[in-house]
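Reviewing the structure listed below.
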Amino acid sequence: MNRTARLLSLLLSSFLAACVAGTPETPARGQGAPPPLPEVKTAPPAPGMLWIPGAWHDDGVQYVWIPGRWESPRPATQNPDG
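Per our numbering, the sequence shown runs over residues 31 to 112.
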(Lines of atoms letter the chains of each structure in order from A; the text may use other names.)
(Lines give C-alpha, C1' and ligand atoms only; values in the text may rest on other atoms or scores of the structure.)
Protein backbone atom coordinates (compact mmCIF):
# COMPACT_ATOMS: atom_id res chain seq x y z
CA MET A 31 0.00 0.00 0.00
CA ASN A 32 1.51 3.34 -0.95
CA ARG A 33 1.86 6.32 1.37
CA THR A 34 -1.19 8.20 0.00
CA ALA A 35 -3.44 5.16 0.38
CA ARG A 36 -2.25 4.60 3.96
CA LEU A 37 -2.90 8.26 4.80
CA LEU A 38 -6.39 8.14 3.28
CA SER A 39 -7.11 4.93 5.15
CA LEU A 40 -5.99 6.49 8.44
CA LEU A 41 -8.05 9.64 7.85
CA LEU A 42 -11.15 7.64 6.92
CA SER A 43 -10.87 5.37 9.97
CA SER A 44 -10.40 8.42 12.23
CA PHE A 45 -13.43 10.09 10.68
CA LEU A 46 -15.58 6.98 11.09
CA ALA A 47 -14.50 6.58 14.71
CA ALA A 48 -15.53 10.19 15.40
CA CYS A 49 -18.96 9.57 13.87
CA VAL A 50 -19.90 6.82 16.31
CA ALA A 51 -22.88 8.03 18.38
CA GLY A 52 -21.72 7.09 21.84
CA THR A 53 -20.06 4.00 23.18
CA PRO A 54 -21.36 1.06 25.23
CA GLU A 55 -20.01 2.68 28.42
CA THR A 56 -21.81 5.97 27.67
CA PRO A 57 -24.36 6.44 30.46
CA ALA A 58 -28.06 6.65 29.71
CA ARG A 59 -30.02 9.82 30.38
CA GLY A 60 -30.87 10.61 33.96
CA GLN A 61 -27.50 9.47 35.30
CA GLY A 62 -25.76 12.80 34.68
CA ALA A 63 -23.08 13.51 32.12
CA PRO A 64 -19.73 11.79 32.67
CA PRO A 65 -16.56 13.81 33.12
CA PRO A 66 -15.12 15.40 29.97
CA LEU A 67 -12.95 13.19 27.77
CA PRO A 68 -9.30 14.13 27.36
CA GLU A 69 -8.61 15.95 24.11
CA VAL A 70 -5.51 16.98 22.21
CA LYS A 71 -5.72 20.67 21.37
CA THR A 72 -3.87 21.09 18.09
CA ALA A 73 -2.39 24.32 16.77
CA PRO A 74 -5.03 26.67 15.37
CA PRO A 75 -5.50 26.34 11.62
CA ALA A 76 -5.45 30.14 11.22
CA PRO A 77 -4.51 33.12 13.40
CA GLY A 78 -7.25 34.39 15.70
CA MET A 79 -9.28 31.17 15.78
CA LEU A 80 -10.83 30.13 19.08
CA TRP A 81 -10.79 26.66 20.66
CA ILE A 82 -14.25 25.34 21.59
CA PRO A 83 -13.73 22.45 24.04
CA GLY A 84 -15.57 19.17 23.62
CA ALA A 85 -18.68 18.46 25.67
CA TRP A 86 -21.26 15.78 26.32
CA HIS A 87 -24.60 16.19 24.51
CA ASP A 88 -27.84 14.55 25.65
CA ASP A 89 -29.37 13.20 22.43
CA GLY A 90 -32.59 12.11 24.12
CA VAL A 91 -31.39 8.54 24.72
CA GLN A 92 -27.82 8.78 25.95
CA TYR A 93 -24.91 11.19 26.24
CA VAL A 94 -22.82 11.60 23.09
CA TRP A 95 -19.38 13.22 23.09
CA ILE A 96 -19.02 16.20 20.73
CA PRO A 97 -15.28 16.71 20.16
CA GLY A 98 -13.54 20.06 20.58
CA ARG A 99 -12.95 22.17 17.50
CA TRP A 100 -11.46 25.41 16.21
CA GLU A 101 -13.87 28.17 15.15
CA SER A 102 -13.53 31.69 13.81
CA PRO A 103 -14.59 34.34 16.30
CA ARG A 104 -17.96 35.97 15.76
CA PRO A 105 -17.83 39.47 14.33
CA ALA A 106 -18.35 42.23 16.89
CA THR A 107 -21.90 43.57 16.95
CA GLN A 108 -22.52 47.26 16.86
CA ASN A 109 -25.03 48.98 19.11
CA PRO A 110 -27.57 50.76 16.86
CA ASP A 111 -28.18 53.34 19.63
CA GLY A 112 -24.73 54.68 19.69
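The beta carbon of each residue, even a glycine, is placed where N, CA and C say it ideally should be.
- If the five residues before and after G78 are omitted, its C-beta is found closer than 7 Å to the C-beta atoms of P103, all from its own chain and listed in chain order.
- In its chain, beyond the 5 residues on either side, E101, P103 have a beta carbon closer than 6 Å to the beta carbon of L80.
- The DSSP-derived three-state label of A85 is strand.
- Between P66 and A73, the alpha-carbon positions lie close to 20 Å from each other.
- Between the C-alpha atoms of Q92 and Q108 there is a straight-line separation of about 40 Å.
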